[in-house]
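Structure first, then comments.
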Amino acid sequence: MRANHIKDLWSEGRVATNIFLGLPDSFAAEIIAGQGWDGVTIDMQHGLIDYQVGVTMLQAISQFEATPMVRVPWNDPAIIMKVLDAGAYGVICPMINNREEAERFVGACRYAPIGYRSTGPVRAAFYAGADYHQHAAETILTFAMIETQDGVDNVDEIFTTPGLDAVYIGPSDLSVSMGGLPGGDQRTPEV
Numbered sequence: 002m003r004a005n006h007i008k009d010l011w012s013e014g015r016v017a018t019n020i021f022l023g024l025p026d027s028f029a030a031e032i033i034a035g036q037g038w039d040g041v042t043i044d045m046q047h048g049l050i051d052y053q054v055g056v057t058m059l060q061a062i063s064q065f066e067a068t069p070m071v072r073v074p075w076n077d078p079a080i081i082m083k084v085l086d087a088g089a090y091g092v093i094c095p096m097i098n099n100r101e102e103a104e105r106f107v108g109a110c111r112y113a114p115i116g117y118r119s120t121g122p123v124r125a126a127f128y129a130g131a132d133y134h135q136h137a138a139e140t141i142l143t144f145a146m147i148e149t150q151d152g153v154d155n156v157d158e159i160f161t162t163p164g165l166d167a168v169y170i171g172p173s174d175l176s177v178s179m180g181g182l183p184g185g186d187q188r189t190p191e192v
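Given below as structure tokens:
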């Protein structure tokens, strides 16, 4: 199976760089992926990218060492499984508020017996190699976004979710959930 560049860097104790793409353009994705970023994230939550264009962007990114990732619009197993089938090597899931939601997210990223991800003839197997199904669980990155007061209150239990690789703080929604303004309002000291 093709390696996950970000996971490889992390296993060496190194820092990884990642960039978000919000415009639906596979040529731009190809150019960005070739610029030395460790990861390139297709933003399907706040970007202007739908699934069909996202697939072409994943294809463009996959020509390079950069880890192809997707921020999905919601904790919806159907879209999570589809972006993984299309070749995403990492999924960033917004609005995770507790361990149950984190477990549901991670489960959608893992095949049985670890999770409940559906299997079928997918692009990922062609892109990643014939052993994709055997190694996907240890290769696919899972990021939970903490963006609400509930998420902050439950962060310790979210951190202990088996199979969760990282937590990403969403400062704009977090600020709004705490009574501040979007954009990580600096007048909201809790953020």
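First residue of the sequence shown: 2, per this note's numbering; consecutive thereafter. Note that the Cβ used here is the ideal one computed from N, Cα and C, for glycine as well. None of the values given here were measured: they were computed from a predicted structure.
- Item | Rounded Cβ spacing between His134 and Tyr112 (contact assumed at less than 8 angstroms) | Contact annotation, His134 with Tyr112: C-beta distance approximately 6 angstroms; criterion of less than 8 angstroms satisfied.
- Item | Expected contact under 8 angstroms - CB spacing of Ile217 and Ala145 to nearest Å | There is no way to answer for residue 217, as the model of the chain reaches only from 2 to 192.
- Message: Bridge partners for Arg118 per DSSP, in chain order?
- Response: Tyr112
- Helix or strand or just coil, what does DSSP make of Thr68? strand
- Message: Short of 8 angstroms in beta carbon distance, which residues of its chain neighbour Thr161, apart from the five on each side in sequence? Order them along the chain.
- Response: Arg100
- Item | Best match in Ala167, Pro190, Leu85, Ala30 for proximity to Val177 [C-alpha to C-alpha] | Pro190
- Own chain residues within Cβ distance below 7 angstroms of Glu66, not counting five before or after: His6
- Message: Using the three-state DSSP reduction, which class does Asp157 fall into: helix, strand or coil?
- Response: Three-state result, Asp157: helix.
- Task: For Tyr90, count neighbouring C-beta atoms within 10 Å of its own C-beta (all shown protein chains included) and say buried if the count is 16 or more, exposed if not.
- Result: Sixteen is the threshold: when 16 or more other Cβ atoms of the shown chains lie within 10 Å of the Cβ of Tyr90, as they do, the residue is buried.
- With 16 as the cutoff for other CB atoms within 10 Å, does Phe28 come out buried or exposed? Looking at its Cβ environment, which holds fewer than 16 other Cβ atoms inside 10 Å, Phe28 is exposed.
- Are Val71 and Val92 closer than 8 angstroms when you measure CB to CB? yes
- Message: Can you tell me whether Asp39 is buried or exposed? The criterion is at least 16 other CB atoms within 10 Å of its CB, across all chains shown.
- Response: It is buried - the Cβ of Asp39 has at least 16 other Cβ atoms within 10 Å.
- Item | Boundaries (first-last residue) of the beta strand (DSSP E) holding Val54 | That residue, Val54, is in no beta strand (DSSP E); its alpha helix (DSSP H) goes 52-62.
- Please confirm if Pro25 has its CB atom under 8 angstroms from at least one CB of chain B. Absent here is chain B; the protein component of the structure consists of one chain.
- Task: Keeping to the same chain, check which residues put their C-beta closer than 7 angstroms to that of Pro74; ignore five residues upstream and five downstream.
- Result: Met45, Gln46, Ile80
- Verify whether the separation of the beta carbon atoms of Val41 and Ile20 is less than 8 angstroms. yes
- Task: State the start and end residues of the unbroken alpha helix (DSSP H) segment that holds Tyr128.
- Result: Where Tyr128 is concerned, the enclosing alpha helix (DSSP H) stretches over 124-129.
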